[in-house]
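Numbering (the UniProt record's numbering), first residue to last: 1 to 472.
A virtual CB, placed ideally from N, CA and C, is assigned to each residue, including glycine.
Here the structure comes first, spelled out in structure tokens, and everything after it is commentary.
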Amino acid sequence: MILKKNNKKIAKKKNLSEKKLVKKEKNTPAKNDGEENTISTKGSVRTPALLRGMKDLLPKEEFFWKTLHHTAENLAEAYGFGLINTPILEETALFVRSLGRGTDVVDKEMYSFEDLDGGKICLRPEATASCARAFIVHGMQSLPQPVKFWYYGPMFRHDRPQAGRYRQFTQFGCESFGVHDPVVDAELIAVAYHFLEDLGLKVNVHLNSLGTPEDRQNYLIELTGYLRTKRSYLCEDCKKRLVKNPLRVLDCKNLECKEVLNEAPQIIEWLSESSKSYFMKVLEYLDEINVPYVLQNTLVRGLDYYTDTVFEIYLEEDSEGAQSALCGGGRYNGLVEQLGGRPTPGAGFSIGLERVISVLRKQTDEGTCKIKEVFPSVFFAQLGEQARRRALRLLEVLRKSGIVVAHSFGKSSLKGQMEMADKLKVRYSLILGQKEVQDGTAIIRDMESGIQEIVDQKKLKNALEKKLQPKV
Ligand code: AMP
1 MILKKNNKKI
11 AKKKNLSEKK
21 LVKKEKNTPA
31 KNDGEENTIS
41 TKGSVRTPAL
51 LRGMKDLLPK
61 EEFFWKTLHH
71 TAENLAEAYG
81 FGLINTPILE
91 ETALFVRSLG
101 RGTDVVDKEM
111 YSFEDLDGGK
121 ICLRPEATAS
131 CARAFIVHGM
141 QSLPQPVKFW
151 YYGPMFRHDR
161 PQAGRYRQFT
171 QFGCESFGVH
181 DPVVDAELIA
191 VAYHFLEDLG
201 LKVNVHLNSL
211 GTPEDRQNYL
221 IELTGYLRTK
231 RSYLCEDCKK
241 RLVKNPLRVL
251 DCKNLECKEV
261 LNEAPQIIEW
271 LSESSKSYFM
281 KVLEYLDEIN
291 VPYVLQNTLV
301 RGLDYYTDTV
311 FEIYLEEDSE
321 GAQSALCGGG
331 RYNGLVEQLG
341 GRPTPGAGFS
351 IGLERVISVL
361 RKQTDEGTCK
371 IKEVFPSVFF
381 AQLGEQARRR
391 ALRLLEVLRK
401 SGIVVAHSFG
411 KSSLKGQMEM
421 ADKLKVRYSL
431 ILGQKEVQDG
441 TAIIRDMESG
451 IQEIVDQKKL
461 KNALEKKLQP
471 KV
């Protein structure tokens, strides 16, 4: 009854009949962390919905995506990483064997299904295992080591959609195979840090060491013993983790679990002397290159394959790591062997780009974003069919000389075109009418002063280049 009453009210507000309102709401998918509603109903045809946790990449974010890709490519190349592109589909076994059972990704989040020929395949949930597989199948053990990859592409996890968590998301990552040396770990951390720093983000690296598998095993016995005595204080998830993967309890954000963890044995005290000195060396290198870090003894990362150094990167203001990490990575010396290759050390990181863009967008709204979109400095307005044809040709000449020129062939009135030029805040407009086509000229209008100048079309490129030169 209350619902009916409410519907009446809402329908009145939305100017809809109650019947239509109910129909509309039936067709509306569950809210997708504040994303645009993607359903529309026209007549009786229902537009298929955007899947939950998926995102369309729209032109309004193009600038961010391009900047991120350029930054990633430049950095990876500068540090000697070569691009690798592995398939989105892989054998399910690749991830079960590398990430391990008992991890959320493998137990709950994989898009795994049977292929038409009966094989079990999945959409990759991450790319480190794929890189290790590629390293083995292409016989890269025989190349000079380290073999360094960078990748950039979509990953898929059937995660619970919420802010910063998607079911398809994009990662930029780097992997280094073949060398077990603290300098490799420090270099990887530096690349991830500089990527975020180059985008103007102030971040901190959170660091820990898991030591060798033996160190970890000894520690696990101690930790499990301790957690069992505190079982009744743990959240329901951690009670399950205690049985399946006790290290994951250290990751829990629940306040009561955190309290239990304050007294828990710390992994750093269970490291062998060689693991300890390895970790100290990583820290020394980071000090040397001024990468800020925070030691975080509860940081274990959820996946089985990590050994020695593990790290995550958070915004500086998120010193507790309470929000989502922008980057995660670490060393995985057992991974290649676990997948059937010759024992080969390795280390890497990956950065979630949707999360980075969400921070950049927030900063843009607040006016604090360090990276700025470059808008066209020239608008080309044309009047009449002949001018439009000539404009097409001149636009191409200007494009080839690197001058970004906006235009709107869809608008025919000069007024409409000049309004658009104003909106784009260009410095100059080019105006081409019937008379200019016949004279072989064009008008250059300074949008700030309103002063107009007639220029020969052949000299247009040079005249604009001169005007756009930065003033010394
Ligand atoms: P991981 O592969 O779990 O170590 O994650 C590395 C990075 O990928 C994280 O720090 C996030 O930035 C990003 N990431 C992981 N899962 C998601 C997700 N479901 N949606 C968006 N980004 C994610």
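- Taken through DSSP and simplified to helix, strand or coil, Asp117 comes out as coil.
- In the three-state reduction of the DSSP assignment, His407 falls in the strand class.
- Rounded to whole angstroms, the gap between the alpha carbons of Thr47 and Pro154 is 25 Å.
- Between Ala347 and Val184, the C-beta gap is smaller than 7 Å, which places the two residues in contact.
- For His70, the number of other beta carbons within 10 angstroms of its own is below 16, and it is reported as exposed.
- Scanning its chain for C-beta atoms nearer than 7 Å, with the 5 sequence neighbours on each side dropped, one finds around Tyr226 the residues Ala264 and Pro265, in chain order.
- In the assembly as shown, Leu143 is an exposed residue. Its beta-carbon has fewer than 16 other beta-carbons within 10 Å.
- Per the coordinates, the alpha-carbon of Pro345 lies some 42 Å from the alpha-carbon of Lys60.
- Counting other Cβ atoms within 10 Å of its Cβ, Pro146 reaches 16 or more and is therefore classed as buried.
- Here Gly211 is buried: its Cβ has 16 or more other Cβ atoms, across all protein chains shown, within 10 Å.
- For Tyr428, the enclosing beta strand (DSSP E) covers residues Tyr428 to Leu432.
- Leaving aside the five residues that flank Tyr314 on each side, the residues in its chain whose CB is nearer than 8 Å to its CB run, in chain order, Val203, Asn204, His206, Gly321, Gln323, Ala325 and Leu326.
- For Tyr233, no alpha helix (DSSP H) segment is defined, and its DSSP state is neither H nor E.
- According to DSSP, Thr441 shares a beta bridge with Asp456.
- Within its own chain, the residues whose Cβ lies closer than 8 Å to the Cβ of Leu196, once the five positions on either side in sequence are excluded, are Val203, Ile313, Leu326, Cys327, Ile351 and Val356, listed in chain order.
- With respect to the 7 Å criterion, Phe379 and Ser449 are not classified as neighbours on the basis of their beta carbons.
- Under the three-state reduction of DSSP output, Ser142 falls in the helix class.
- By the criterion of a C-beta distance shorter than 6 Å, Tyr79 is surrounded in its chain by Val191, once the five residues flanking it on both sides are discounted.
- At a threshold of 6 Å, Tyr428 does not count as near the ligand AMP, since its beta carbon sits no closer than that to any of the ligand's heavy atoms.
- Membership of Lys148 in any alpha helix (DSSP H) is not indicated; the residue belongs instead to the beta strand (DSSP E) covering Val147 to Phe156.
- Distances between the C-beta of Glu453 and the heavy atoms of the ligand AMP are all 6 Å or more.
- Taking 6 Å as the cut-off, the C-beta of Leu207 does not count as close to any heavy atom of the ligand AMP.
- Ser209 and Ile267 have their C-alpha atoms roughly 8 Å apart.
- Contact between the stretch 123-133 and the stretch 85-97 is present, with at least three C-beta pairs closer than 8 Å.
- According to DSSP, Gly348 shares a beta bridge with Glu175 and Gly330.
- By the criterion of a C-beta distance shorter than 8 Å, Arg427 is surrounded in its chain by Ser377, Val378, Asp446, Met447, Glu448, Lys467 and Leu468, once the five residues flanking it on both sides are discounted.
- Here Ala163 is exposed, its C-beta having fewer than 16 other C-beta atoms within 10 Å.
- The ligand AMP has a heavy atom closer than 6 Å to the beta-carbon of Cys327.
- Between Tyr151 and Ala127, the gap from beta carbon to beta carbon is short of 7 Å.
- Listed in chain order, the non-local C-beta contacts of Gln382 below 7 Å within the same chain comprise Arg388, Ala391 and Leu432, local neighbours out to five positions each way being set aside.
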